[in-house]
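Below is one structure, written out as structure tokens; comments come after it.
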């Protein structure tokens, strides 16, 4: 059992992790910005460290320094901030600490949507029609969309959380959305790479969850959307015929057979049983 855990996050995310850790008898350490010193998650933890300005939540060295000062045995990133940063995961392990989350290689492989699509396709999982390499420009995007068929979804290859995505019903919309998504991705993620996928309007999804343990797995459905990212979810999933539920299986279990795999995987399967990429993020203690 981990003896002490530093939570590299804030707010409700940190409070949930702290609550579960306390129930398991694990000493908890919160890191906080100078503006968050009086928030509840700081008071909940057994110990806390001020890491400076609000931007410090994304500062790898500031978080690692806090772990060294408090003799933390492990670091849990929660989600957002540094949770999808492969460099941070490697830095934690290189410092001799336990990383509570997917391996750095898994984050790197699944964090890029183009690479994630290609990996799933190679694993034998049906994927939605789309591009397999970064697009060279808007004319290449138009050619790809013509081959795939409209409507299409324009997606930033990097990032997550439903950010950097837009649907296009025709070439005119595609040209406008391509410019917006490319600029947004470059500004937010430092990577302007874009891919095109077939868009299925009004299509509900089933999200299958699997872990490194051979018998673990569950599913849920996602419907109403915020920024095209599932916001209203039910667990277990409902309103899905039994054959449709069974179709989730290959996509859900395939990642567990990879030589390098995340500790937990969410595989999003639209109702036509095509896979769409979901970044590998840290499993949460709740």
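In this note's numbering, the protein residues as written are 21 to 306.
Note that beta-carbon positions come from the ideal geometry of N, C-alpha and C, so glycine has one too.
Measuring alpha carbon to alpha carbon, tell me which residue in the options is nearest residue i.
i: residue 33; options: 96, 156, 53, 91; result: 96
i: residue 21; options: 41, 144, 91; result: 41
i: residue 46; options: 27, 52, 55, 182; result: 27
i: residue 220; options: 173, 195, 43; result: 173
i: residue 102; options: 118, 127, 90, 117; result: 127
i: residue 200; options: 190, 191, 186; result: 186
i: residue 161; options: 99, 44, 190; result: 190
i: residue 53; options: 100, 43, 76; result: 76
Alpha carbon to alpha carbon, how far is residue i from residue j?
i: residue 120; j: residue 135; result: 23 Å
i: residue 175; j: residue 74; result: 29 Å
i: residue 38; j: residue 61; result: 8 Å
i: residue 123; j: residue 109; result: 7 Å
i: residue 309; j: residue 207; result: No answer is possible for residue 309: it lies beyond the span of the chain, which begins at 21 and ends at 306.
i: residue 80; j: residue 163; result: 41 Å
i: residue 51; j: residue 117; result: 16 Å
i: residue 30; j: residue 202; result: 30 Å
i: residue 194; j: residue 204; result: 15 Å
i: residue 182; j: residue 59; result: 28 Å
i: residue 222; j: residue 192; result: 22 Å
i: residue 137; j: residue 125; result: 16 Å
i: residue 44; j: residue 113; result: 23 Å
Mapping the DSSP letters down to three states, classify residue i as helix, strand or coil.
i: residue 207; result: helix
i: residue 72; result: strand
i: residue 176; result: strand
i: residue 80; result: helix
i: residue 47; result: strand
i: residue 126; result: helix
i: residue 139; result: helix
i: residue 95; result: strand
i: residue 23; result: coil
i: residue 67; result: strand
i: residue 57; result: coil
i: residue 113; result: helix
i: residue 189; result: coil
i: residue 196; result: helix
i: residue 222; result: coil
i: residue 107; result: helix
i: residue 62; result: helix
i: residue 158; result: helix
i: residue 131; result: helix
i: residue 182; result: coil
i: residue 169; result: coil
i: residue 100; result: coil
i: residue 31; result: helix
Quick one: what's got a C-beta closer than 7 Å to residue i's C-beta in the same chain, skipping five residues either side?
i: residue 177; result: 132, 133, 134, 154, 211, 213, 214, 215
i: residue 218; result: 148, 149, 150, 168, 169, 172
Ordered along the chain, which non-local residues of its own chain (more than five positions away) have a Cβ less than 8 Å from that of residue i?
i: residue 115; result: 84, 87, 88
i: residue 209; result: 176, 178, 179, 184
i: residue 142; result: none
i: residue 49; result: 24, 25, 26, 27, 65, 66, 67, 68, 69, 86, 87, 90, 92
Take the Cβ of residue i as the centre, count every other Cβ of all protein chains shown within 10 Å, and call the residue buried at 16 or more, exposed below.
i: residue 23; result: exposed
i: residue 35; result: buried
i: residue 152; result: exposed
i: residue 25; result: buried
i: residue 188; result: buried
i: residue 104; result: buried
i: residue 56; result: buried
i: residue 157; result: exposed
i: residue 63; result: exposed
i: residue 107; result: exposed
Please return the same chain residues whose Cβ sits closer than 6 Å to the Cβ of residue i, not counting the five positions on each side in sequence.
i: residue 197; result: 174, 186, 188
i: residue 165; result: 172, 194, 216
Does the Cβ of residue i lie closer than 7 Å to at least one heavy atom of the ligand PLP?
i: residue 179; result: Ligands are entirely absent from the displayed structure, and the ligand PLP is therefore not among its contents.
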